[in-house]
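Just so it is clear: in the sequence shown, position 370 is 370 by the numbering used here, and no numbers are missing.
All residues carry an ideal CB built from backbone N, CA and C; glycine is no exception.
As the structure is a prediction and not an experimental result, all values here were calculated from the model.
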Amino acid sequence: MKKSKIATLAVTAFITIALYIYSLYSAYWTFKRGNVGEIILYTALLALCNGAIMLLYTLTDKKRSHSTANKVIVPIAALLFNAAAYPAIGFGVQKAVSPGVGGGVAAGYACIAFGVALAIFFNGLSSRGHKVVSKLTAAVCALSLICSGLTVTYRAIGDYSFLKPFYEISKASSDIGGVPTKDADIVYDFAYATEKNVRDTALGKDETIDIALAKNEWEGFQVVFATAAKDKKVNVSVTDFKNSNGDTLKTEIFKEHYLEVKGLGDVYNCEYPDALIPVTHTGDRVGAAELQKGLQQAFFIRTRAEKDSSAGEYTATVTAVNEKDEVILEKEIKATVWNFTLPDAPANESAFGNGGGTFYTLSGVRDGDDEAAEKLRLQVYNMLLENRLSPYNLPYDILDERADAYMSDPRVTSFVIPYSEDDDLLVEYYTKVTSNPDWAKKGYFYPIDEPGNAEAYAKYTEITDRLSRLCPGYNMVTPFNTDKVIIDGKEMSSVQLQTGKSSILCGLSEVLNRGTTLEEMQNEVKNGSRAWWYVCCAPGGDYCNFFEFLDGIKHRLLMWQQRSFDISGLLYWSTTYCEKANPWESTKTWDDYNSAGDGMLIYPGGYIGFDGPIASLRLMNIADGMEDYDYFALAEAKFGKEWVNEKIAKVVTSPTEYTSDHALFEQVRREIGVALAEA
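The structure is reproduced here in structure tokens:
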């Protein structure tokens, strides 16, 4: 073999090793999940395709002489190169894509490879005659397959970040909308808390905003900035809201942190705001916000009226300064506190997961540091409680006296009773919980999730039989994600299978929209059961959920839909799930970006040097939805169920049909608030 070919193979080998090491580093989370089978399958497919290319080249090129060794070495080199190149391309660049996306990339690359292979083959035949036909066939094969492959690959990857440099020089990056500030290069817009846009969306033209809230309620809004220039910064502050008597409302401000949701944006950008970093934070990712050309930077501001706050008007001043510390915006914002009070106990029962695991590790809690773990556990628990959400797990063992105060807290609507395999311990847990009627209503078992076949329901029956024997009168929730299950050849409904065993019937929101599921649940409510629903990595499409790329109004409207269906509780499997991705680095917290942010509503603050958990914009909208549900409960008691349903129907007509008009939504909310204040 010539020295030039040996050098080429050596360089190829070096690049292969480097790419392979990089792919292993980048694909850590994918390999950790154990998708080795998919990796091997796709790698083998690509290796075969590209090996075929090289083999066809050596066999059909009549203009050059190839030894048998070359005919073997060249395909082997191609095999080795692609065995490493695919993980680098498919996993390294995409940072641990899901098997579905990996398959798309593999299919696209395979199309390209076959296109090139056929082109080479037919081109080789052209040296033996039929030159025009052969070359034309080669061109058609190459063009059709390569274009198809590029399309499939692009759609599979869906990563627009490589277009960002083109965005900055495009006309779109200068079309930023907004209202001018005193700095000619910076514009602003005020927005409702429910508004969430792709980061390169042009700003609206709202020069100011006003808010309204009940006593014992939080209410927020956003102020958003953008620039068409470079090297611009903005910092924002806000005073407490104050009335004419000098009474104040606690007010907070956060800088919104943006994250990519690959493939779910527009031509140039797929970043959405989510993490809310307190402006008082002095660690990482803090300080004046650096404005990127054509991209939004929002700040979230919220205030709270306490139960003893005076009703009436309050004002606060929002101030923004640029990189030169020049005041570029000063706006007085009005808040109206209505003369009615939300109860401490939410009308909407909730059960939100609050596990630990990787969340604690990313927060900086070391193994064995019980004191730090307890501190973080309490911080997460209290954050959820402050936002009217009840965590699954109490911050202390049920048998610990410190748990008593939490079980008695009116803000806590539910908690999990551990399902111990030890009979004596199980009975001890249950005996303590049932010693207090209030605790007994809140406590529930949750030993099995989403049974969907005969085997799962056999296990379910074993559990419920044991609980009936050891813990008579127990409460249990068993979320179900299918309306029908076939057992022994007979089709049975999930509600039918759980009636009399799970006192809390909890279906996936989309399942309640199927067949007679909702009707069956409502019938069982008449017999003493409770009706909850839940969302998770499903449903998608037009259904409301808590995914990062969904408009904030969809997080909040879920509770409006819930009330219209007479569903009394909301379950969500986790708020701190970080096992598949560091949420500061990737939004793919579950298996793909179509459920971006699933199971993760609270960020590990320790990762950026903040002492405590970091809330999300989604969490704030969910909390607002919980407060809306309280409005409905109060209004139903005063004006009747029909009156409430008429209001809800103005914004929600079905699980997949609802308004996207933020102003209309706020108008209807205020209609209810004003009516309650004047009643």
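Which word fits residue i, buried or exposed, when buried means at least 16 other C-beta atoms lie within 10 angstroms of its C-beta?
{"i": "Met476", "result": "buried"}
{"i": "Gly541", "result": "exposed"}
{"i": "Thr303", "result": "buried"}
{"i": "Thr576", "result": "buried"}
{"i": "Lys293", "result": "buried"}
{"i": "Pro410", "result": "exposed"}
{"i": "Ala96", "result": "For Ala96, the predicted model reports a pLDDT of 38, less than 50, meaning its position is unreliable; a value from the coordinates is still stated below. Its Cβ being crowded by 16 or more others within 10 Å, Ala96 is buried."}
{"i": "Arg199", "result": "buried"}
{"i": "Trp590", "result": "buried"}
{"i": "Val668", "result": "buried"}
{"i": "Asn545", "result": "buried"}
{"i": "Trp643", "result": "exposed"}
{"i": "Leu664", "result": "exposed"}
{"i": "Met383", "result": "buried"}
{"i": "Glu313", "result": "exposed"}
{"i": "Met492", "result": "exposed"}
{"i": "Pro437", "result": "exposed"}
{"i": "Ala635", "result": "buried"}
{"i": "Asp308", "result": "exposed"}
{"i": "Ala316", "result": "buried"}
{"i": "Arg366", "result": "exposed"}
{"i": "Asn621", "result": "buried"}
{"i": "Glu585", "result": "exposed"}
{"i": "Ala347", "result": "buried"}
{"i": "Ala454", "result": "exposed"}
{"i": "Lys182", "result": "exposed"}
{"i": "Ser237", "result": "exposed"}
{"i": "Glu219", "result": "buried"}
Assuming the contact rule is C-beta atoms closer than 8 Å, residue i and residue j should be a hit. Round their C-beta distance to whole Å, please.
{"i": "Ala305", "j": "Glu217", "result": "6 Å"}
{"i": "Tyr631", "j": "Gly569", "result": "Contact doesn't hold; Cβ gap of about 17 Å is too wide."}
{"i": "Leu213", "j": "Ala335", "result": "7 Å"}
{"i": "Asn235", "j": "Val321", "result": "5 Å"}
{"i": "Ser688", "j": "Tyr406", "result": "This structure gives no information on residue 688, because the portion of the chain shown stretches from 1 to 679."}
{"i": "Gly452", "j": "Val485", "result": "6 Å"}
{"i": "Lys215", "j": "Val327", "result": "At roughly 33 Å, the Cβ-Cβ gap does not stay under 8 Å, so Lys215 and Val327 are not in contact."}
{"i": "Tyr603", "j": "Ser616", "result": "7 Å"}
{"i": "Ser390", "j": "Leu376", "result": "No, Ser390 and Leu376 are not in contact; Cβ-Cβ is about 18 Å, not under 8 Å."}
{"i": "Gly443", "j": "Val433", "result": "4 Å"}
{"i": "Thr423", "j": "Leu470", "result": "It is Asp, not Thr, that sits at residue 423 in the sequence shown. Indeed, because the Cβ distance is near 6 Å, the residues count as touching under 8 Å."}
{"i": "Val535", "j": "Leu512", "result": "Not a contact, Cβ separation roughly 11 Å."}
{"i": "Asn387", "j": "Ala623", "result": "4 Å"}
{"i": "Lys331", "j": "Thr208", "result": "6 Å"}
{"i": "Tyr593", "j": "Val261", "result": "5 Å"}
Looking at the strands, I want to know which residues DSSP matches up with residue i.
{"i": "Phe680", "result": "The first residue shown for the chain is 1 and the last is 679, placing residue 680 beyond what the model contains."}
{"i": "Phe254", "result": "Pro278 and Phe300"}
{"i": "Tyr272", "result": "Leu259"}
{"i": "Thr329", "result": "Inspection of the sequence shows that residue 329 is occupied by Leu rather than by Thr. Looking at the DSSP assignment, Leu329 forms a beta bridge with Ala320."}
{"i": "Lys233", "result": "Glu290"}
{"i": "Ile211", "result": "Ala335"}
{"i": "Tyr658", "result": "Val652"}
{"i": "Trp218", "result": "Arg304"}
{"i": "Val179", "result": "Tyr188"}
{"i": "Pro391", "result": "Phe352"}
{"i": "Phe241", "result": "Leu249"}
{"i": "Leu203", "result": "Gly177"}
{"i": "Ser616", "result": "Ala275"}
Answer with yes or no whether the minimum CB distance from residue i to chain C is below 8 Å.
{"i": "Leu378", "result": "Among the chains of the structure shown, chain C does not appear; only one protein chain is present."}
For the structure I just gave you, are there three or more beta carbon pairs, one from the stretch 169-188 and one from the stretch 298-318, closer than 8 Å?
At 8 Å Cβ cutoff, the stretches do not touch.
Could you tell me whether the stretch 334-351 touches the stretch 184-195, where touching means 3 or more Cβ pairs closer than 8 Å?
The answer is no - the stretch 184-195 does not touch the stretch 334-351, with fewer than three Cβ pairs under 8 Å.
On the three-pair Cβ rule with 8 Å, is the stretch 499-506 touching the stretch 460-480?
Contact between the stretch 499-506 and the stretch 460-480 is established, with three or more Cβ pairs separated by less than 8 Å.
Beta strand (DSSP E) runs wholly inside the stretch 490-557, at least 3 long, in chain order
As far as the stretch 490-557 is concerned, its whole beta strand (DSSP E) runs of at least 3 residues are 490-493, 504-508 and 530-535.
Length-filtered (4 minimum) alpha helix (DSSP H) runs lying within the stretch 445-492
Runs of the alpha helix (DSSP H) inside the stretch 445-492: 454-470.
Should the stretch 650-662 be regarded as contacting the stretch 370-378, the criterion being three or more beta carbon pairs within less than 8 Å?
These segments do not touch.
Count Cβ pairs between the stretch 179-190 and the stretch 215-231 that sit closer than 8 Å; are there 3 or more?
By the Cβ criterion, the stretch 179-190 is in contact with the stretch 215-231, since at least three pairs of Cβ atoms, one from each stretch, lie closer than 8 Å.
How about the stretch 548-555 and the stretch 658-668: do they share at least three Cβ pairs that are nearer than 8 Å?
Taking a cut-off of 8 Å on C-beta distances, the stretch 548-555 touches the stretch 658-668, as three or more cross pairs fall below it.
Check whether the stretch 558-566 and the stretch 516-536 touch, using three or more Cβ-Cβ pairs below 8 Å as the test.
Touching, yes.
Can at least three beta-carbon pairs, one atom from the stretch 609-624 and one from the stretch 257-276, be found at a separation below 8 Å?
Verdict: yes, contact present.
What are the start and end residues of each continuous alpha helix (DSSP H) run of 4 or more residues lying completely inside the stretch 577-613, in chain order?
Look at the stretch 577-613 and you find no whole run of alpha helix (DSSP H) that is 4 residues long or longer.
As an exercise, report each continuous alpha helix (DSSP H) stretch of at least 4 residues that is fully enclosed by the stretch 369-444, in chain order.
Runs of the alpha helix (DSSP H) inside the stretch 369-444: 370-386, 402-408, 423-433 and 437-442.
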